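Novice: Numbering (the numbering used here), first residue to last: 4 to 325.
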């Protein structure tokens with residue numbers, strides 16, 4: 004079962020919300036692989052929430068855990084303070100996903116080349132075109148482009164890939180801390196079992212839907228679309244920082260009407276302004292779909308599994324699933 008977030012974690016998370024991006028926090032809790040946080044066997048740094056969640060579940064109290072991207076911060080915009088860079092250099096293990104956060108990549112290369120785990124190869128990232136609706140690049144008179152090139156970094160939205168990463172983290176922790184190996188393996192198995200159950204819930208919940216067209220603020224949900232036979236249509240591309248032109252918004256509005264969808268999905272970190280602009284033009288509803296990149300003020304008391312189940316509720320409502 005998911006590890007409970009202790010009062011220490013919640014207090015630390017609140018401090019991070021009030022602090023600057025790139026600060027670190029100590030986390031404890033887990034499935035009984037060790038003693039109190041003061042007796043931690045390993046010092047681990049996770050680059051952002053999905054990896055923090057796995058380390059918490061797998062290492063429990065055997066790890067003193069710091070996170071480079073605090074609650075409410077977009078991992079794509081990560082900037083590391085000198086203190087955060089120092090934590091990378093002093094950790095027994097840094098768990099990160101290369102390509103997602105260039106400042107983290109730089110810090111690992113300079114401070115922890117031999118004490119880090121890059122989960123990107125394990126996750127086997129999908130090309131963005133595999134999950135996006137194929138269409139021509141769109142460009143306005145200023146040269147704005149909207150394309151699907153590159154790899155989709157949001158692997159944690161695929162339960163199979165996320166489970167593979169969990170097992171890789173457990174294996175690396177066991178190498179560093181052999182005394183905790185049995186606990187790491189058992190906890191990773193619990194995580195994988197939870198993810199398999201979640202996958203079954205999604206497959207059942209999205210099996211029969213009035214619409215299979217998923218219109219989102221940006222293309223963060225390709226893994227969900229690919230796994231459950233949905234068709235993702237992003238107002239913007241993989242990068243949440245890109246701003247659509249009026250021409251692009253008009254094009255998406257026309258596409259929404261053509262597809263006959265009832266819902267446009269917004270995101271908590273990106274905000275709903277773009278989605279609401281399209282909704283106002285087309286008369287459709289706006290619902291929230293969370294890419295689970297970071298905890299927010301609204302999800303501070305939830306964990307990955309709970310947020311993903313809330314996403315499933317939003318999808319079944321917005322797509323008319325029964």
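Glycine residues also receive a C-beta, built at the ideal position from the N, C-alpha and C atoms. Keep in mind the model is a prediction, meaning the values are calculated, not measured.
Do you know offhand how far residue 317's Cα is from residue 89's?
Specialist: In a straight line, the C-alpha of residue 317 is about 40 Å away from that of residue 89.
Novice: Taking the alpha helix (DSSP H) that residue 237 falls in, what are its first and last residues?
Specialist: Residue 237 -> not in any alpha helix (DSSP H); beta strand (DSSP E) instead, spanning 234-239.
Novice: Smallest Cα separation from residue 186: which of 65, 48 and 52?
Specialist: Nearest of 65, 48 and 52 to residue 186, Cα basis: 65.
Novice: Could you name the residues of the same chain whose beta carbon sits closer than 6 Å to that of residue 322, not counting the 5 residues immediately before and after it, in chain order?
Specialist: The answer, listed in chain order, is 212 and 214.
Novice: For the beta strand (DSSP E) containing residue 120, list its first residue and its last residue.
Specialist: Here the beta strand (DSSP E) through residue 120 covers 119-121.
Novice: Report back the beta-carbon spacing between residue 98 and residue 47 to the nearest angstrom; my notes put them in contact at under 8 Å.
Specialist: 7 Å between Cβ atoms; contact.
Novice: With DSSP collapsed to three states, give me the class of residue 25.
Specialist: Here the model assigns residue 25 a pLDDT of 39, short of 50, so the residue's position is not dependable and the matter cannot be decided.
Novice: Under the three-state reduction of DSSP, which class applies to residue 273: helix, strand or coil?
Specialist: The answer is coil: DSSP assigns residue 273 none of H, G, I, E or B.
Novice: Contact check, residue 266 vs residue 237 under 8 Å by CB: the rounded distance?
Specialist: With 8 Å as the limit, residue 266 and residue 237 do not qualify as a contact, their Cβ atoms being about 14 Å apart.
Novice: Who does residue 129 pair with in a DSSP beta bridge?
Specialist: Paired residue(s): 155.
Novice: According to the neighbour-count rule (16 or more other Cβ atoms, all chains shown, within 10 Å of its Cβ), is residue 69 buried or exposed?
Specialist: With 16 or more Cβ atoms within 10 Å of its Cβ, residue 69 is classed as buried.
Novice: Where do the N-terminal and C-terminal ends of the beta strand (DSSP E) with residue 71 fall, by residue?
Specialist: Counting along the chain, residue 71 falls outside any beta strand (DSSP E), and DSSP gives it neither H nor E.
Novice: Assign residue 200 to one of three DSSP states: helix, strand, or coil.
Specialist: Helix, per DSSP.
Novice: What three-state label does DSSP hand residue 256 in the structure shown?
Specialist: Helix.
Novice: Only counting the same chain, and skipping five residues up and downstream in sequence, which positions put a Cβ closer than 6 Å to that of residue 8?
Specialist: Reliability fails at residue 8, whose pLDDT of 41 lies under 50, so the model's placement of it is uncertain and the value that follows must be treated cautiously. Closer than 6 Å at Cβ, skipping near neighbours: no residue.
Novice: Thinking C-alpha only, which one of 205, 190 and 184 is nearest residue 161?
Specialist: Nearest option by C-alpha distance: 205.
Novice: Helix, strand or coil: how does DSSP classify residue 290 here?
Specialist: In the structure shown, residue 290 sits in a strand (DSSP, three-state: E or B).
Novice: Okay, do the region 98-109 and the region 76-90 touch, 3+ Cβ pairs below 8 Å being the bar?
Specialist: Yes, the region 98-109 is in contact with the region 76-90.
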